[in-house]
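Peer 1:
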Amino acid sequence: MIEINGEKIVLTEVTDQDIDTLYYWKYEDKQQEAKKWNGPYTPEEEITKEMYRQNWNHDIFPHVPSSLVIRCDGKAIGYVGCYWVDKNTNWLETGIVIYDFNYWNGGYGTQAYKLWIDYLFKVTDIHRLGMSTWSGNIRMIKVAAKLGMKEEARIREARIINGEFFDAIKMGILRREWK
């Protein structure tokens, strides 16, 4: 069982209880605060809890899961994840979401994302890691920059949120820059 400990959070593999908690935050929570920041421009169809559970059951590399749960105070508050952009150039896209807004603005996301990036570079031979967001998600852009990611692309007015245009932002970091 993978367990990566930080000062504030722990990253672990998902449990059945985590699936229930994360499913609640993603699909059943009435406030849906995280969706206002985490890709609000992409309509998301609700899936069953069983389908959600099945989505967690794959590795990005042998014995390297594509996602880990962020735990704080003994409970799941979000997750970090990744997916392939291009296996030929050894490029993964990464992301993070903290659903529980009680853990926003306290450094939890920065620490979780840093531990995730560090883990991916340590246990794989990945060449580059990237992330995508929108220009209104200032917190994510600041976290990525704080961890050394560089803005690599800005696609002007490519996202519409609440009837207003925003830029799509792509940021990334190379293995040699992380070291």
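Using full-length UniProt numbering, the first residue of the sequence shown is number 1, and each one after it goes up by one.
Beta carbons are placed, not taken as given, at the ideal position from N, Cα and C, and that holds for glycine.
Can you tell me whether Ala145 is buried or exposed, with buried defined as 16 or more other CB within 10 angstroms of its CB?
Peer 2: exposed
Peer 1: Taking only the alpha-carbon atoms, compute the straight-line gap between Trp116 and Lys30 and give it to the nearest angstrom.
Peer 2: 29 Å
Peer 1: Taking C-alpha atoms, which residue in Gln54, Ile98 and Asp167 lies nearest to Ser132?
Peer 2: Asp167
Peer 1: Residues bridged to Arg71 by DSSP?
Peer 2: Val10 and Ala76
Peer 1: Could you say which of Lys170, Ile70 and Arg156 lies nearest to Leu22 if we only look at CA atoms?
Peer 2: Comparing Cα-Cα distances from Leu22 to each of Lys170, Ile70 and Arg156, the minimum goes to Ile70.
Peer 1: Would you mind stating whether Gly74 and Ile96 have Cβ atoms separated by less than 8 Å?
Peer 2: no
Peer 1: From this set, Asp59, Val64 and Ile19, which residue's C-alpha is nearest Thr48's C-alpha?
Peer 2: Ile19
Peer 1: Is Ile19 helix, strand or coil by DSSP?
Peer 2: The answer is helix: DSSP assigns Ile19 an H, G or I state.
Peer 1: Work out the CA separation of Gly136 and Arg159 for me, nearest whole Å.
Peer 2: 10 Å
Peer 1: Where are the beta strand (DSSP E) runs, 3 residues long or more, that stay fully inside the segment 46–121, in chain order?
Peer 2: 59–61, 67–72, 75–86 and 91–98
Peer 1: Relative to the C-alpha of Glu3, which residue among Ala112, Gly106, Glu93 and Tyr108 is closest?
Peer 2: Of the listed residues, the one whose Cα sits closest to Glu3 is Ala112.
Peer 1: In the structure shown, what three-state DSSP assignment does Met131 receive?
Peer 2: strand
Peer 1: DSSP has Ala153 in a bridge; who is on the other side?
Peer 2: Lys170
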